[in-house]
Ligand code: ADP
């Protein structure tokens, strides 16, 4: 395979705060190494539809602090087909693009892995997802911001639940991974945290709340991940209303506010480091890997493994939650 001389960068799948900082780092590092660099709009769909623009240093000015992604993101049905991927390849090839940086989640990495296996375009993936549901990295771009947004919102909910002696069920994002629930729940002193990684036993949640009711502890917070096996915040709320007739149970679904907003310092930092190293990987022929950070050092996982690996949840943390909230 020839040396990488022209690269493209795209953001794909769910957006996450810090993607702009990663784009900026990729573009500026590429320009530093005298590579030509292109931005692909709307993820793989823009690659299929030839929505590709040359980028310069100025095109990424003043974006490090902005949420969302200036390249926009999308889910692409066309890219799931061999014909769609061939079109995408031809659009890169006609510009001489011979390296691709994909910022996205595990679905986007699956796409990158398939694409690089079919065509002579090496790919490097950067984990951009608020859910922290990818193995091979301690951190994903956007998680820190999302979890801090959740903490800020739950703190506000706590003020009103305390004023009214209420039980509040707060649903946070996380379809397959409970990290946002776990981190934000511990940080806001939740009485219980319900996540997809562990079996939810609602009878024991009711017992715990009944026991607290007896002790006149009426203010109780339950943080639920949207992908919890019991069905999420509304199901948990309905169950508690039915089984705790004396309690004033309310439900709040935090929803998409967790995706937006200015990225935290931590997210800007890891996005900058990962973006820089993505280009270094392409130059050093470290192809088809995901760039991660493990124990504060750069860590490279083959895309093949990154799409399968999940982070191992520390179950100690749930025990800590129960003890601290007693
Ligand atoms: P995320 O990257 O946030 O997990 P998705 O799962 O929606 O988001 O994946 C983003 C895009 O990646 C999909 O819309 C699709 O175009 C592409 N993709 C996902 N899986 C594959 C695959 N097996 N082959 C080709 N493309 C894929």
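Numbering (our numbering), first residue to last: 13 to 338.
Positions of the beta carbon are idealized from the N, C-alpha and C atoms, including for glycine.
What distance in whole Å lies between the Cβ atoms of residue j and residue i, which are believed to be in contact at a cut-off of 8 Å?
| i | j | result |
| --- | --- | --- |
| residue 311 | residue 305 | 6 Å |
| residue 286 | residue 34 | 6 Å |
| residue 173 | residue 104 | So it is not a contact: roughly 52 Å between Cβ atoms. |
| residue 322 | residue 147 | 5 Å |
| residue 22 | residue 163 | Not a contact, Cβ separation roughly 31 Å. |
Could you give the first and the last residue of the continuous beta strand (DSSP E) run that contains residue i?
| i | result |
| --- | --- |
| residue 18 | 18-23 |
| residue 115 | 111-116 |
| residue 204 | 204-206 |
| residue 34 | Residue 34 -> not in any beta strand (DSSP E); alpha helix (DSSP H) instead, spanning 31-44. |
Decide if residue i is buried, meaning its Cβ has at least 16 other Cβ atoms within 10 Å, or exposed.
| i | result |
| --- | --- |
| residue 57 | buried |
| residue 108 | exposed |
| residue 289 | buried |
| residue 183 | buried |
| residue 106 | exposed |
| residue 102 | exposed |
| residue 270 | buried |
| residue 277 | exposed |
| residue 267 | exposed |
| residue 334 | exposed |
| residue 215 | exposed |
| residue 332 | exposed |
| residue 134 | buried |
| residue 156 | buried |
Kindly indicate the opening and closing residues of the alpha helix (DSSP H) around residue i.
| i | result |
| --- | --- |
| residue 102 | 94-105 |
| residue 222 | 214-226 |
| residue 192 | 191-199 |
| residue 307 | Taken as a continuous stretch (DSSP letters only), residue 307 belongs to no alpha helix (DSSP H), as it is neither H nor E. |
| residue 332 | 328-336 |
| residue 66 | Not the alpha helix (DSSP H): residue 66 falls in the beta strand (DSSP E), residues 64-66. |
| residue 316 | 315-318 |
| residue 60 | 55-60 |
For residue i and residue j, what's the separation of their Cα atoms in angstroms?
| i | j | result |
| --- | --- | --- |
| residue 99 | residue 129 | 15 Å |
| residue 197 | residue 82 | 31 Å |
| residue 200 | residue 89 | 40 Å |
| residue 325 | residue 191 | 8 Å |
| residue 343 | residue 202 | Outside the modelled stretch of the chain, which goes from 13 to 338, sits residue 343, for which no answer is possible. |
| residue 252 | residue 261 | 7 Å |
| residue 195 | residue 92 | 34 Å |
| residue 257 | residue 181 | 15 Å |
| residue 64 | residue 210 | 43 Å |
| residue 141 | residue 178 | 33 Å |
| residue 153 | residue 13 | 30 Å |
| residue 238 | residue 20 | 34 Å |
| residue 273 | residue 28 | 9 Å |
| residue 15 | residue 296 | 9 Å |
| residue 25 | residue 123 | 10 Å |
| residue 175 | residue 212 | 29 Å |
| residue 36 | residue 240 | 35 Å |
| residue 299 | residue 61 | 25 Å |
| residue 149 | residue 303 | 8 Å |
| residue 327 | residue 284 | 31 Å |
| residue 136 | residue 167 | 38 Å |
#### Entry: Residue ranges of each alpha helix (DSSP H) within the region 256-313, 4 or longer
277-295
### Task
Entirely within the region 116-160 and at least 4 residues each: give me those alpha helix (DSSP H) ranges in chain order.
118-130
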